[in-house]
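Novice: For the sequence shown, the positions run 1 to 76 when the UniProt record's numbering is used.
Note that the Cβ used here is the ideal one computed from N, Cα and C, for glycine as well.
Quantities reported herein were computed from a predicted structural model and do not represent experimental measurements.
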Amino acid sequence: MATLGGISNPKEAQNSLEIDKLAQFAVDEHNKKENSLLEFDKVISTKEQVVAGTMYYITLEANDAGHKKTYEAKVR
Numbered sequence: 001m002a003t004l005g006g007i008s009n010p011k012e013a014q015n016s017l018e019i020d021k022l023a024q025f026a027v028d029e030h031n032k033k034e035n036s037l038l039e040f041d042k043v044i045s046t047k048e049q050v051v052a053g054t055m056y057y058i059t060l061e062a063n064d065a066g067h068k069k070t071y072e073a074k075v076r
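1. Look at the Cβ atom of F25, then the Cβ atom of V75, and state whether they are nearer than 8 Å.
2. Excluding sequence positions up to five away, which residues of its chain have a Cβ less than 8 Å from the Cβ of M55?
3. Tell me whether A52 is buried or exposed, calling it buried when 16 or more other Cβ atoms sit within 10 Å of its Cβ.
4. Skipping 5 residues on each side, what residues in its chain have a beta carbon closer than 7 Å to that of Y71?
5. Taking the straight line between their C-alpha atoms, what separation do you get for T46 and D64?
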């Protein structure tokens with residue numbers, strides 16, 4: 001469990017279906033706001049911060065016009 005207010009590495013987060021869903025959500029929201037066509041590929045790493053709820057800091061890989069790129073997202 002994360003220390004209140006601190007940023008930590010959640011246990012088994014990189015293989016978590018929940019984290020994959022959050023990363024996909026981040027890519028979908030980015031695509032809507034930026035009118036782009038990124039395709040989520042995989043989660044590279046995750047950190048979490050517990051304050052009033054949990055904020056996830058997700059480093060992910062996505063395809064942009066056939067090119068794999070690394071992105072960072074914050075998802076609550």
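Specialist: Reading it off the structure:
1. yes
2. E48, Q49, K74, V75 and R76
3. exposed
4. L60 and A62
5. 21 Å
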